[in-house]
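Okay, so here's the structure we're looking at.
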Amino acid sequence: MKYSLASLFAGLIFGFGLIVSGMANPEKVLGFLDIAGLWDPSLAFVMGGAIIVGLGAFAVARRRTLSFLGFNIKIPSHTHIDKRLVIGSLMFGVGWGIAGFCPGPGIVALGAGEIKAAVFVASMVAGMVIFELIERNRAKA
Amino acid sequence: MIEIAWSNFTPWSALAGGILVGLAAASFLLLNGRIAGISGILGGLLTPLKGDIAWRVAFMLGLLGAPAVWLLAGDMPAIEINAGYPALIIAGLLVGVGTRYGSGCTSGHGVCGLSRLSLRSLVATLSFMATGFITVFVIRHMLGV
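Heads up: the protein sequence lines correspond to chains X and A, in order.
For reference, each letter of the first sequence is one residue, going 1 to 141 in my numbering.
For reference, each letter of the second sequence is one residue, going 142 to 286 in my numbering.
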């Protein structure tokens, strides 16, 4: 229960952050990605602000094995840079550039009642299902 | 030369929103001990494990509910979606498959990964930024859409 409440809280604050920063608006994200047009550097400031806070949080988390609510701290441990990481990220970037949506802003815009965001999120979930099916087939082979 | 769109550039609200995103990731890490990666949290719901569902749904409800809660206090900033439906479908599929293959998106790799100085996340972030820039360049300046 505590765990889910903390998750709800984090999701809500995350959503507020995307709304305040303008990142729930794909046109603003595309303004950042359009470096050859009139460039809007705002997204870099969003990342910067988030990372400044994040650096502090991870510095604290690294010194602990349990969270403040007493749960195990699970920080990813793999460091291997492989084809999956790079190819997956390259694909993601193409999709991001087409519509200006990444997962978080897509979900927030859906919550704001945008039909087009609903289409994007539905396709994104479909893409995730396709990934799971491919993985399952690979595991069987 | 890069020309800055001064009329669209919103450094203060971007920074403030970024700090909120950082606080969300920080509280998730320090309270629940987890990385706030949206694609991973959502993707995990597709192969549900016992005891691993409620918190994922709760996080998603937080994101989905943020605009409604926001409206209690003030107006929502405009959301302008210019991509057409076929483009949105293709974009969604690429983002869905790509983020799962690459084990993360702008939040997991971009915010959390860079915050913990992960080289893997830096490579991922540079990769999706690169194709993001290239894609917008091709669409807006070569195809002229």
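Where is the CB? At the ideal position from N, CA and C, for every residue including glycine.
* DSSP three-state call for Leu-90 of chain X: helix, strand or coil? -> By one-based count along the first sequence, residue 90 of chain X stands at place 90. In this structure, Leu-90 of chain X counts as helix in the three-state DSSP scheme.
* **Partners in chain X for Leu-164 of chain A, counting only beta-carbon separations shorter than 8 Å** => As a position in the second sequence, residue 164 of chain A is number 23, starting the count at 1. The contacting residues are Ile-13, Gly-17 and Val-53.
* Sub-9 Å separation of Ile-275 of chain A and Gly-93 of chain X beta-carbons -> Start at 1 with the first residue of the second sequence, and residue 275 of chain A comes out as number 134. Start at 1 with the first residue of the first sequence, and residue 93 of chain X comes out as number 93. Yes, Cβ-Cβ distance for Ile-275 of chain A and Gly-93 of chain X is below 9 Å.
* Contact between the region 17–37 of chain X and the region 148–164 of chain A: three or more CB pairs below 8 Å? -> The region 17–37 of chain X, when compared against the region 148–164 of chain A, does touch it at the 8 Å Cβ threshold.
* Asked: From which residue to which residue does the alpha helix (DSSP H) around Trp-153 of chain A run?
  -> Taking the first residue of the second sequence as position 1, residue 153 of chain A is located at position 12. Residues 152–168.
* To do: Compute the beta-carbon to beta-carbon distance between Leu-284 of chain A and Leu-69 of chain X, rounded to the nearest angstrom, for a pair I have assumed lies under 8 Å.
  => As a position in the second sequence, residue 284 of chain A is number 143, starting the count at 1. As a position in the first sequence, residue 69 of chain X is number 69, starting the count at 1. Their Cβ separation, rounded to whole angstroms, is 50 Å, which puts Leu-284 of chain A and Leu-69 of chain X out of contact at 8 Å.
* Helix or strand or just coil, what does DSSP make of Trp-96 of chain X? -> As a working note, residue 96 of chain X is residue 96 in the first sequence. The answer is helix: DSSP assigns Trp-96 of chain X an H, G or I state.
* **CB contact below 9 Å: Ala-141 of chain X versus chain A** => For the purposes of this step, residue 141 of chain X is taken as residue 141 along the first sequence, with counting starting at 1. With 9 Å as the cut-off, Ala-141 of chain X does not count as an interface residue toward chain A.
* Asked: When the Cα atoms are used, what is the spatial distance from Ser-259 of chain A to Ala-50 of chain X?
  -> For the purposes of this step, residue 259 of chain A is identified with residue 118 of the second sequence, where counting begins at 1. For the purposes of this step, residue 50 of chain X is identified with residue 50 of the first sequence, where counting begins at 1. Taking the straight line joining both Cα atoms gives about 15 Å.
* Outcome for Glu-221 of chain A when other beta-carbon atoms lying within 10 angstroms are tallied against a minimum of 16 -> Stepping through the second sequence from its first residue, residue 221 of chain A is reached at position 80. That one is exposed.
* Asked: Where Ala-167 of chain A and Asn-137 of chain X are concerned, what is the direct C-alpha to C-alpha distance, given to the nearest angstrom?
  -> Your numbering for residue 167 of chain A matches position 26 in the second sequence. Your numbering for residue 137 of chain X matches position 137 in the first sequence. Ala-167 of chain A and Asn-137 of chain X: Cα-Cα distance of roughly 36 Å.
* Within its chain, find whatever has a CB closer than 6 Å to the CB of Gly-31 of chain X; leave out the 5 residues flanking it on each side and keep chain order. => Here the question's residue 31 of chain X lines up with position 31 in the first sequence. Closer than 6 Å at the Cβ level, and outside the excluded window around Gly-31 of chain X, lie Asp-40.
* **chain A contact residues for Arg-138 of chain X, given Cβ-Cβ distances below 7 Å** => Walking along the first sequence from the start, residue 138 of chain X turns up at place 138. Per Cβ cutoff of 7 Å: no residues; Arg-138 of chain X is ~12 Å from chain A at best.
* Asked: Just by C-beta distance, which residues in the region 258–272 of chain A are closer than 9 Å to chain X?
  -> Listed by position along the chain: Leu-258, Ser-259, Leu-260, Arg-261, Ser-262, Val-264, Ala-265, Thr-266, Leu-267, Ser-268, Phe-269, Met-270, Ala-271 and Thr-272.
* Is Arg-62 of chain X close to chain A, meaning its C-beta is less than 9 Å from at least one C-beta of that chain? -> Stepping through the first sequence from its first residue, residue 62 of chain X is reached at position 62. Yes, its Cβ sits closer than 9 Å to a Cβ of chain A.
* chain A residues whose Cβ lies nearer than 7 Å to that of Ser-77 of chain X -> Residue mapping note: residue 77 of chain X aligns to position 77 of the first sequence, counting from 1. Under the 7 Å cutoff, chain A gives no residues; its nearest Cβ is about 10 Å from Ser-77 of chain X.
* chain X within 9 Å of Gly-245 of chain A, Cβ atoms only -> As a position in the second sequence, residue 245 of chain A is number 104, starting the count at 1. Gly-245 of chain A counts as touching chain X.
* Under the DSSP definition of a beta bridge, which residues are partnered with Leu-38 of chain X? -> Indexing the first sequence from 1 puts residue 38 of chain X at position 38. Per DSSP, A:Glu-144.
* In the structure shown, what three-state DSSP assignment does Leu-66 of chain X receive? -> Locating residue 66 of chain X in the first sequence gives position 66, where the first residue counts as 1. Correct three-state label for Leu-66 of chain X: strand.
* Asked: With C-beta atoms as the reference, is Met-128 of chain X less than 9 Å away from Ser-180 of chain A?
  -> Numbered from its first residue, the first sequence carries residue 128 of chain X at position 128. Numbered from its first residue, the second sequence carries residue 180 of chain A at position 39. Contact flag set, yes.
* **Best match in X:Leu-38, X:Cys-102, X:Phe-9 and X:Phe-14 for proximity to Ser-148 of chain A [C-alpha to C-alpha]** => Taking the second sequence and counting its residues from 1, one reaches residue 148 of chain A at position 7. Here the closest residue by C-alpha is X:Leu-38.
* Rounded straight-line distance, which links the Cα of Ala-219 of chain A to that of Lys-140 of chain X -> What you label residue 140 of chain X is simply residue 140 of the first sequence in a count that begins at 1. What you label residue 219 of chain A is simply residue 78 of the second sequence in a count that begins at 1. Distance between the alpha carbons of Lys-140 of chain X and Ala-219 of chain A is about 47 Å.
* Ignore the nearest five residues each way along the sequence and tell me which others in Gly-104 of chain X's own chain have a CB closer than 7 Å to its CB. => Within the first sequence, numbered from 1, the residue matching residue 104 of chain X stands at position 104. Taken in chain order, the residues that qualify are Phe-14 and Leu-18.
* To do: Using three-state DSSP, classify Asn-72 of chain X as helix, strand or coil.
  => Reading the first sequence from its first residue, position 72 is the one you call residue 72 of chain X. Strand at Asn-72 of chain X.
* Assign Val-264 of chain A to one of three DSSP states: helix, strand, or coil. => Within the second sequence, the letter at position 123 stands for residue 264 of chain A. In this structure, Val-264 of chain A counts as helix in the three-state DSSP scheme.
* **From A:Val-162, A:Leu-186, A:Phe-200 and A:Gly-174, residue whose alpha carbon lies closest to that of Gly-54 of chain X** => What you label residue 54 of chain X is simply residue 54 of the first sequence in a count that begins at 1. Considering only alpha carbons, the answer is A:Val-162.
* Asked: Of the choices A:Phe-169, A:Ala-146 and A:Leu-186, whose alpha-carbon is the least far from that of Lys-28 of chain X?
  -> The residue given as residue 28 of chain X occupies position 28 in the first sequence. A check of alpha carbon separations from Lys-28 of chain X across A:Phe-169, A:Ala-146 and A:Leu-186 identifies A:Ala-146 as the nearest.
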